[in-house]
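Enquirer:
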Amino acid sequence: MSLPTKVKIVEVGPRDGLQNEAQNVPVEVKVKLVELLVDAGLRSIEAGAFVSPKWVPQMASSAEVYRQVTKSPGISYPMLVPNMRGLEQAIESGVEEIALFAAASETFSQKNTNCSIEESVGRFTDVVSKAQQHNMRIRGYISCALGCPYEGEVDANVVVDLTRRLHDVGCYEVSVADTIGVGTANQAQALFEQLAGAIPVTQLAAHFHDTYGQALANIHAVLQTGVAVIDSSVAGLGGCPYAKGATGNVATEDVVYMLNGMGIDTGIDMDKLLDAGVYINGFLDRAPVSRAANALLKKKAS
(Lines of atoms letter the chains of each structure in order from A and count residues from 1; the text may use other names and numbers.)
(Lines give C-alpha, C1' and ligand atoms only; values in the text may rest on other atoms or scores of the structure.)
Protein backbone atom coordinates (compact mmCIF):
# COMPACT_ATOMS: atom_id res chain seq x y z
CA MET A 1 0.00 0.00 0.00
CA SER A 2 1.44 3.38 -1.06
CA LEU A 3 0.51 6.26 1.22
CA PRO A 4 1.67 9.88 1.42
CA THR A 5 4.13 10.75 4.17
CA LYS A 6 2.55 14.17 4.64
CA VAL A 7 -1.03 15.40 4.26
CA LYS A 8 -2.30 18.97 4.06
CA ILE A 9 -5.51 19.57 5.97
CA VAL A 10 -7.77 22.31 4.59
CA GLU A 11 -9.92 23.49 7.49
CA VAL A 12 -13.45 24.36 6.36
CA GLY A 13 -15.13 24.77 9.75
CA PRO A 14 -15.43 28.57 9.82
CA ARG A 15 -17.22 28.49 6.45
CA ASP A 16 -18.70 25.13 5.51
CA GLY A 17 -19.01 24.18 9.15
CA LEU A 18 -20.84 27.28 10.36
CA GLN A 19 -22.89 28.19 7.30
CA ASN A 20 -25.85 26.03 8.30
CA GLU A 21 -26.01 27.13 11.96
CA ALA A 22 -29.37 28.68 12.84
CA GLN A 23 -28.08 30.91 15.64
CA ASN A 24 -26.00 33.91 14.68
CA VAL A 25 -22.30 33.43 15.29
CA PRO A 26 -20.78 36.88 15.94
CA VAL A 27 -17.78 38.18 14.05
CA GLU A 28 -15.55 38.05 17.11
CA VAL A 29 -16.33 34.35 17.68
CA LYS A 30 -15.55 33.49 14.06
CA VAL A 31 -12.32 35.49 14.17
CA LYS A 32 -11.18 33.80 17.38
CA LEU A 33 -12.00 30.38 15.92
CA VAL A 34 -9.87 31.07 12.84
CA GLU A 35 -6.97 32.29 14.98
CA LEU A 36 -7.18 29.25 17.30
CA LEU A 37 -7.01 27.02 14.23
CA VAL A 38 -3.94 28.87 12.97
CA ASP A 39 -2.35 28.39 16.39
CA ALA A 40 -3.09 24.67 16.14
CA GLY A 41 -1.03 24.44 12.96
CA LEU A 42 -3.64 24.68 10.19
CA ARG A 43 -2.19 26.39 7.15
CA SER A 44 -5.30 26.73 4.98
CA ILE A 45 -8.52 27.89 6.64
CA GLU A 46 -11.73 28.87 4.88
CA ALA A 47 -12.72 32.05 6.67
CA GLY A 48 -16.09 32.72 5.04
CA ALA A 49 -18.10 33.12 1.87
CA PHE A 50 -19.34 36.01 -0.25
CA VAL A 51 -22.80 34.60 -0.88
CA SER A 52 -26.30 36.04 -0.68
CA PRO A 53 -27.17 36.83 2.96
CA LYS A 54 -30.77 36.07 2.06
CA TRP A 55 -29.95 32.44 1.37
CA VAL A 56 -26.99 31.91 3.73
CA PRO A 57 -27.40 34.54 6.49
CA GLN A 58 -24.59 33.09 8.61
CA MET A 59 -22.05 34.24 6.02
CA ALA A 60 -23.29 37.86 5.90
CA SER A 61 -20.40 38.97 8.14
CA SER A 62 -17.66 37.35 6.04
CA ALA A 63 -16.09 40.60 4.84
CA GLU A 64 -15.73 41.82 8.41
CA VAL A 65 -14.38 38.47 9.57
CA TYR A 66 -11.74 38.54 6.85
CA ARG A 67 -10.81 42.11 7.73
CA GLN A 68 -10.41 41.36 11.43
CA VAL A 69 -8.49 38.09 11.21
CA THR A 70 -4.81 38.64 11.87
CA LYS A 71 -3.10 37.39 8.71
CA SER A 72 -0.18 35.15 9.61
CA PRO A 73 2.69 34.57 7.13
CA GLY A 74 2.38 31.34 5.20
CA ILE A 75 -1.34 30.91 5.99
CA SER A 76 -4.05 31.03 3.34
CA TYR A 77 -7.58 32.21 4.14
CA PRO A 78 -9.67 31.26 1.09
CA MET A 79 -13.14 32.77 0.75
CA LEU A 80 -15.89 31.02 -1.18
CA VAL A 81 -17.36 32.99 -4.09
CA PRO A 82 -20.30 31.70 -6.19
CA ASN A 83 -20.33 34.32 -8.92
CA MET A 84 -18.95 37.63 -10.18
CA ARG A 85 -20.73 39.62 -7.49
CA GLY A 86 -19.06 37.49 -4.82
CA LEU A 87 -15.71 37.98 -6.53
CA GLU A 88 -16.16 41.75 -6.54
CA GLN A 89 -16.78 41.64 -2.77
CA ALA A 90 -13.65 39.53 -2.37
CA ILE A 91 -11.60 42.02 -4.38
CA GLU A 92 -12.95 44.92 -2.29
CA SER A 93 -11.95 43.03 0.87
CA GLY A 94 -8.39 42.39 -0.31
CA VAL A 95 -8.82 38.61 -0.45
CA GLU A 96 -5.81 36.75 -1.84
CA GLU A 97 -7.39 33.33 -2.42
CA ILE A 98 -10.89 32.32 -3.47
CA ALA A 99 -12.74 29.05 -3.77
CA LEU A 100 -15.42 28.53 -6.41
CA PHE A 101 -17.66 25.60 -7.07
CA ALA A 102 -19.74 23.59 -9.50
CA ALA A 103 -22.04 20.62 -8.95
CA ALA A 104 -21.98 17.25 -10.68
CA SER A 105 -25.79 17.10 -10.57
CA GLU A 106 -28.10 19.24 -12.72
CA THR A 107 -30.79 19.47 -10.04
CA PHE A 108 -28.35 20.37 -7.28
CA SER A 109 -26.77 22.97 -9.54
CA GLN A 110 -30.16 24.58 -10.13
CA LYS A 111 -31.06 24.49 -6.40
CA ASN A 112 -27.66 25.78 -5.27
CA THR A 113 -26.73 28.32 -7.94
CA ASN A 114 -29.89 28.69 -10.04
CA CYS A 115 -28.16 27.57 -13.22
CA SER A 116 -27.32 24.43 -15.18
CA ILE A 117 -23.96 22.68 -14.96
CA GLU A 118 -22.94 24.13 -18.31
CA GLU A 119 -24.00 27.63 -17.25
CA SER A 120 -21.98 27.22 -14.05
CA VAL A 121 -18.92 26.42 -16.15
CA GLY A 122 -19.38 29.71 -18.00
CA ARG A 123 -19.72 31.55 -14.70
CA PHE A 124 -16.64 30.10 -13.09
CA THR A 125 -14.61 30.65 -16.24
CA ASP A 126 -15.44 34.37 -16.11
CA VAL A 127 -14.77 34.52 -12.37
CA VAL A 128 -11.39 32.83 -12.77
CA SER A 129 -10.38 35.17 -15.56
CA LYS A 130 -11.08 38.27 -13.46
CA ALA A 131 -9.57 36.75 -10.30
CA GLN A 132 -6.35 36.03 -12.19
CA GLN A 133 -6.18 39.70 -13.17
CA HIS A 134 -6.03 40.44 -9.44
CA ASN A 135 -3.36 37.78 -8.81
CA MET A 136 -5.67 35.65 -6.69
CA ARG A 137 -5.05 31.96 -6.08
CA ILE A 138 -8.10 29.92 -7.06
CA ARG A 139 -9.33 26.65 -5.58
CA GLY A 140 -12.22 24.69 -7.10
CA TYR A 141 -14.94 22.54 -5.55
CA ILE A 142 -17.19 19.92 -7.09
CA SER A 143 -20.34 19.14 -5.09
CA CYS A 144 -22.29 15.87 -5.09
CA ALA A 145 -19.47 13.82 -6.59
CA LEU A 146 -20.68 10.53 -5.09
CA GLY A 147 -24.40 11.16 -4.88
CA CYS A 148 -27.10 13.80 -5.12
CA PRO A 149 -29.98 14.39 -2.67
CA TYR A 150 -32.35 14.88 -5.63
CA GLU A 151 -31.05 12.58 -8.37
CA GLY A 152 -29.36 9.78 -6.43
CA GLU A 153 -26.39 8.30 -8.30
CA VAL A 154 -24.06 10.68 -10.12
CA ASP A 155 -22.23 9.92 -13.35
CA ALA A 156 -18.50 9.73 -12.59
CA ASN A 157 -17.75 11.01 -16.09
CA VAL A 158 -19.47 14.29 -15.23
CA VAL A 159 -17.26 14.61 -12.14
CA VAL A 160 -14.13 13.88 -14.16
CA ASP A 161 -15.10 16.39 -16.86
CA LEU A 162 -15.80 19.15 -14.33
CA THR A 163 -12.56 18.44 -12.50
CA ARG A 164 -10.58 18.73 -15.72
CA ARG A 165 -12.35 21.96 -16.68
CA LEU A 166 -11.74 23.59 -13.29
CA HIS A 167 -8.10 22.59 -13.51
CA ASP A 168 -7.75 23.80 -17.08
CA VAL A 169 -9.16 27.28 -16.40
CA GLY A 170 -6.62 27.84 -13.63
CA CYS A 171 -7.63 26.25 -10.31
CA TYR A 172 -4.44 25.22 -8.53
CA GLU A 173 -6.39 22.54 -6.66
CA VAL A 174 -9.77 20.86 -7.11
CA SER A 175 -11.59 19.53 -4.05
CA VAL A 176 -14.04 16.77 -4.90
CA ALA A 177 -16.87 16.54 -2.40
CA ASP A 178 -19.25 13.84 -1.23
CA THR A 179 -21.69 16.54 -0.12
CA ILE A 180 -24.30 14.21 1.35
CA GLY A 181 -21.88 11.59 2.66
CA VAL A 182 -23.35 8.58 0.83
CA GLY A 183 -20.14 7.27 -0.71
CA THR A 184 -18.27 4.19 0.46
CA ALA A 185 -14.58 3.33 0.25
CA ASN A 186 -14.56 1.36 -3.00
CA GLN A 187 -16.66 4.01 -4.75
CA ALA A 188 -14.45 6.82 -3.47
CA GLN A 189 -11.25 5.05 -4.46
CA ALA A 190 -12.54 4.23 -7.95
CA LEU A 191 -13.62 7.82 -8.54
CA PHE A 192 -10.32 9.30 -7.40
CA GLU A 193 -8.38 6.82 -9.54
CA GLN A 194 -10.32 8.18 -12.53
CA LEU A 195 -9.72 11.76 -11.42
CA ALA A 196 -5.99 11.13 -11.05
CA GLY A 197 -5.98 10.18 -14.71
CA ALA A 198 -7.55 13.52 -15.63
CA ILE A 199 -5.39 15.98 -13.67
CA PRO A 200 -2.23 15.59 -11.57
CA VAL A 201 -3.10 13.82 -8.33
CA THR A 202 -1.09 16.49 -6.47
CA GLN A 203 -3.81 18.95 -7.45
CA LEU A 204 -6.70 16.86 -6.10
CA ALA A 205 -8.29 17.20 -2.66
CA ALA A 206 -10.96 15.09 -0.97
CA HIS A 207 -13.94 16.53 0.89
CA PHE A 208 -16.11 14.00 2.74
CA HIS A 209 -19.19 14.48 4.88
CA ASP A 210 -19.81 11.85 7.54
CA THR A 211 -23.58 11.41 7.20
CA TYR A 212 -23.34 7.60 7.04
CA GLY A 213 -20.15 7.27 9.09
CA GLN A 214 -18.03 6.51 6.02
CA ALA A 215 -15.74 9.56 5.84
CA LEU A 216 -12.62 8.12 7.50
CA ALA A 217 -12.85 4.91 5.48
CA ASN A 218 -13.21 6.99 2.32
CA ILE A 219 -10.22 9.13 3.23
CA HIS A 220 -8.11 6.05 3.86
CA ALA A 221 -9.18 4.70 0.47
CA VAL A 222 -8.33 7.87 -1.49
CA LEU A 223 -4.98 8.29 0.25
CA GLN A 224 -4.02 5.09 -1.56
CA THR A 225 -4.61 6.82 -4.90
CA GLY A 226 -2.00 9.46 -4.04
CA VAL A 227 -4.30 12.19 -2.75
CA ALA A 228 -2.55 14.17 -0.02
CA VAL A 229 -4.99 17.05 0.62
CA ILE A 230 -8.02 16.49 2.85
CA ASP A 231 -10.78 18.96 3.76
CA SER A 232 -12.20 18.68 7.25
CA SER A 233 -14.10 20.69 9.83
CA VAL A 234 -13.14 21.27 13.44
CA ALA A 235 -15.51 19.43 15.82
CA GLY A 236 -17.31 17.96 12.81
CA LEU A 237 -19.29 21.16 12.26
CA GLY A 238 -21.33 21.44 9.13
CA GLY A 239 -24.17 20.56 6.85
CA CYS A 240 -25.42 21.92 3.57
CA PRO A 241 -28.40 24.29 3.26
CA TYR A 242 -29.21 22.72 -0.12
CA ALA A 243 -28.77 19.07 0.84
CA LYS A 244 -31.45 17.99 3.31
CA GLY A 245 -30.15 15.47 5.84
CA ALA A 246 -26.48 16.08 5.14
CA THR A 247 -24.60 16.20 8.40
CA GLY A 248 -21.24 17.71 9.16
CA ASN A 249 -17.94 17.39 7.42
CA VAL A 250 -15.58 14.79 8.76
CA ALA A 251 -14.11 16.13 12.01
CA THR A 252 -10.59 17.50 11.79
CA GLU A 253 -9.76 15.87 15.12
CA ASP A 254 -10.76 12.43 13.78
CA VAL A 255 -8.74 12.88 10.60
CA VAL A 256 -5.64 14.05 12.49
CA TYR A 257 -5.94 11.19 14.99
CA MET A 258 -6.14 8.64 12.17
CA LEU A 259 -3.24 10.16 10.23
CA ASN A 260 -1.09 10.41 13.37
CA GLY A 261 -1.70 6.73 13.98
CA MET A 262 -0.63 5.96 10.43
CA GLY A 263 2.60 7.90 10.83
CA ILE A 264 1.48 10.58 8.35
CA ASP A 265 2.56 14.13 9.19
CA THR A 266 -0.06 16.92 9.28
CA GLY A 267 1.83 19.57 11.24
CA ILE A 268 -1.15 19.95 13.56
CA ASP A 269 -0.97 20.14 17.36
CA MET A 270 -3.81 17.95 18.61
CA ASP A 271 -4.08 19.64 22.01
CA LYS A 272 -4.48 23.06 20.42
CA LEU A 273 -6.92 21.65 17.87
CA LEU A 274 -8.99 20.31 20.76
CA ASP A 275 -8.96 23.80 22.29
CA ALA A 276 -10.41 25.23 19.08
CA GLY A 277 -13.16 22.62 19.07
CA VAL A 278 -13.98 23.21 22.73
CA TYR A 279 -14.20 26.93 22.06
CA ILE A 280 -16.69 26.75 19.19
CA ASN A 281 -18.72 23.97 20.79
CA GLY A 282 -18.86 26.04 23.96
CA PHE A 283 -20.35 28.95 22.05
CA LEU A 284 -22.82 26.70 20.22
CA ASP A 285 -23.64 24.91 23.51
CA ARG A 286 -23.14 21.40 22.22
CA ALA A 287 -20.89 18.40 22.72
CA PRO A 288 -18.22 17.61 20.11
CA VAL A 289 -19.35 15.40 17.25
CA SER A 290 -15.79 14.15 16.88
CA ARG A 291 -15.24 10.78 18.52
CA ALA A 292 -11.52 11.40 18.86
CA ALA A 293 -12.18 14.76 20.52
CA ASN A 294 -14.64 13.24 23.00
CA ALA A 295 -12.26 10.43 23.92
CA LEU A 296 -9.20 12.67 24.24
CA LEU A 297 -11.04 15.30 26.27
CA LYS A 298 -12.33 12.64 28.68
CA LYS A 299 -8.81 11.24 28.98
CA LYS A 300 -7.41 14.69 29.76
CA ALA A 301 -10.10 15.30 32.37
CA SER A 302 -9.50 12.01 34.20
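Each residue of the sequence shown is one higher than the last, beginning at 120 in my numbering.
By construction, the Cβ of each residue, glycine as well, lies at the ideal position given by its N, Cα and C atoms.
1) Can you give me the Cβ contacts of L403 inside the same chain, cut-off strictly under 6 Å, excluding the 5 residues immediately before and after it?
2) So A168 and V153 are supposed to be a Cβ contact under 8 Å. How far apart are they, rounded?
3) Does the segment 380-394 touch the segment 134-149, meaning 3 or more C-beta pairs lie closer than 8 Å?
4) Leaving out five residues before and five after P123 in sequence, what residues of the same chain have Cβ atoms less than 6 Å from its Cβ?
5) How about H328 and G300: are their beta carbons less than 7 Å apart?
6) If G345 sits next to A307, beta carbons under 8 Å apart, how far is it from one beta carbon to the other, in whole angstroms?
7) Are the segment 202-220 and the segment 260-279 touching, with three or more C-beta to C-beta distances below 8 Å?
8) Return the residue from the list E225, G380, R204 and Q208 that minimises the CA-CA distance to K125.
9) Closer than 8 Å is the cut-off here; do at least three beta carbon pairs connect the segment 188-204 with the segment 149-163?
10) To which residues of the same chain is G357 closer than 6 Å at the C-beta, ignoring the five residues directly before and after it?
11) Does the Cβ-Cβ distance between G289 and I257 come in under 7 Å?
12) Along the chain, where does the alpha helix (DSSP H) that runs through V144 open and close?
13) Can you list, in chain order, the residues of its chain with a C-beta nearer than 7 Å to that of T244? Leave out the 5 residues immediately preceding and following it.
14) Terminal residues of the continuous beta strand (DSSP E) containing S262?
15) Is the CB-CB distance between M377 and L335 below 7 Å?
16) Rounding to the nearest angstrom, what Cα-Cα distance links Y331 and G271 in this structure?
17) Spatial neighbours of L265 within its chain, please: C-beta separation below 7 Å, excluding the five flanking residues on both sides.
18) Residue range of the alpha helix (DSSP H) that F243 falls in?
19) Which residue or residues does DSSP assign as beta-bridge partners of F461?
20) Just confirm the distance between the C-beta atoms of D373 and R405, as a whole number of angstroms; I'd bet it's less than 8 Å.
Expert: With the structure as the only source:
1) Excluding residues within five positions, none has a Cβ falling inside 6 Å.
2) About 14 Å separates the beta carbon of A168 from that of V153, a gap too long to meet the 8 Å contact definition.
3) Touching, no.
4) Cβ neighbours of P123 beyond the five flanking positions: A347.
5) Closer than 7 Å, so yes.
6) About 13 Å separates the beta carbons of G345 and A307, which is beyond the 8 Å limit, so they are not a contact pair.
7) The segment 202-220 and the segment 260-279 touch, with no fewer than 3 CB-CB distances between them shorter than 8 Å.
8) Each of E225, G380, R204 and Q208 was checked against the Cα of K125, and the nearest Cα belongs to G380.
9) Judged by Cβ distances under 8 Å, the segment 188-204 makes contact with the segment 149-163, as three or more pairs qualify.
10) Around G357: D135, G136, G367 and N368.
11) Yes.
12) Taken as a continuous stretch (DSSP letters only), V144 belongs to no alpha helix (DSSP H), as it is neither H nor E.
13) Same-chain partners within the cutoff: V288.
14) Counting along the chain, the beta strand (DSSP E) containing S262 begins and ends at R256 to S262.
15) A contact, by the Cβ cut-off of 7 Å.
16) Straight-line Cα distance between these residues: approximately 15 Å.
17) Hits under 7 Å: V273, D297, V301, G302, Q306, A307 and L310.
18) I236 to Q252 is the span of the alpha helix (DSSP H), which, as asked, contains F243.
19) The structure shown does not extend to residue 461, since the chain is modelled only from 120 through 421, so no value can be given for it.
20) Not confirmed; about 16 Å, so no contact.
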